[in-house]
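According to the numbering used here, the stretch in the sequence shown is residues 91 to 279, in order. First the structure, in the form of structure tokens, and then the observations on it.
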Amino acid sequence: QSPNGGRAWQQIDLGSIEPVAMAISPNFVEDRTIWLGTQEGELFKSADAGQNFTLVTDKFEAINALAFSPDGTLLIGTMSDVETIESPISNLQSPVLSLNVVNGAVYAGLLDGLAVSWDNGRSWQSIPSLAARRLTWYLPQAADTWLTAGPEEGVWQTADGGQSWHAIWSDLPVLAVATTADKIWVSGL
91 QSPNGGRAWQ
101 QIDLGSIEPV
111 AMAISPNFVE
121 DRTIWLGTQE
131 GELFKSADAG
141 QNFTLVTDKF
151 EAINALAFSP
161 DGTLLIGTMS
171 DVETIESPIS
181 NLQSPVLSLN
191 VVNGAVYAGL
201 LDGLAVSWDN
211 GRSWQSIPSL
221 AARRLTWYLP
231 QAADTWLTAG
241 PEEGVWQTAD
251 GGQSWHAIWS
261 DLPVLAVATT
271 ADKIWVSGL
């Protein structure tokens, strides 16, 4: 964690927790809540800005992604669907590798493409121009300009809200992607 906007970092002792997904509460300033998900299907919650974590449930398949929907519901991307703490809410029937919320829409990077939900994850539409691509990152840059990336698929960009896409990095397998307002960094093998 960084107590000063990223100028310095402090390691948090998570004990035996090995998170692969994290979500920060949209009301973090007030509730100081952080959620962690593990490959073992465990969901942990901290109500003190990450100082202590409590196991909420271990009922899920491997948790790959966490995100808050526009209505504030915690969405949990598992190996088969998008779920909430209470129950599955969609019928994607595909491993969910990433979840991102942009401009009121929830985007799910799937083993076989990208899907979008306009109703907080209850129903999904496939984005056909990215079918059969494993997408592990989704990076909004502006209202209609987004990046997606997969470990073998490279980095793809849209400037028209997902209607069409073009490859901007396809030379090497992608390990990580980061952006600022004017630059894109890609780490490859």
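Note that the Cβ used here is the ideal one computed from N, Cα and C, for glycine as well. Please read these numbers as outputs of a predicted model, since none were measured by experiment.
Proximity to residue i [Cα-Cα], best of the options
i: residue 93; options: 119, 106, 111 and 110; result: 119
i: residue 209; options: 170, 165, 199 and 234; result: 165
i: residue 140; options: 124, 129, 149 and 153; result: 124
i: residue 106; options: 117, 130, 97 and 116; result: 130
i: residue 261; options: 170, 193 and 243; result: 243
i: residue 108; options: 201, 143 and 264; result: 143
i: residue 175; options: 205, 99, 162 and 256; result: 162
i: residue 112; options: 148, 182, 135 and 179; result: 135
i: residue 201; options: 188, 259 and 264; result: 188
i: residue 178; options: 199, 103, 257 and 149; result: 149
i: residue 117; options: 193, 138, 132 and 153; result: 138
i: residue 263; options: 245, 249 and 251; result: 245
Three-way DSSP call (helix, strand, coil) for residue i in this model
i: residue 173; result: strand
i: residue 118; result: helix
i: residue 236; result: strand
i: residue 134; result: strand
i: residue 246; result: strand
i: residue 141; result: coil
i: residue 263; result: coil
i: residue 160; result: coil
i: residue 165; result: strand
i: residue 210; result: coil
i: residue 190; result: strand
i: residue 217; result: coil
i: residue 251; result: coil
i: residue 181; result: coil
i: residue 99; result: coil
i: residue 205; result: strand
i: residue 152; result: coil
With 16 other Cβ atoms within 10 Å as the buried cut-off, status of residue i
i: residue 126; result: buried
i: residue 167; result: buried
i: residue 185; result: buried
i: residue 235; result: exposed
i: residue 238; result: buried
i: residue 147; result: exposed
i: residue 217; result: buried
i: residue 145; result: exposed
i: residue 254; result: exposed
i: residue 104; result: exposed
i: residue 153; result: buried
i: residue 99; result: exposed
Integer Cβ distance of residue i from residue j, believed to fall under 8 Å
i: residue 159; j: residue 191; result: 6 Å
i: residue 172; j: residue 182; result: 6 Å
i: residue 205; j: residue 198; result: 5 Å
i: residue 151; j: residue 170; result: 6 Å
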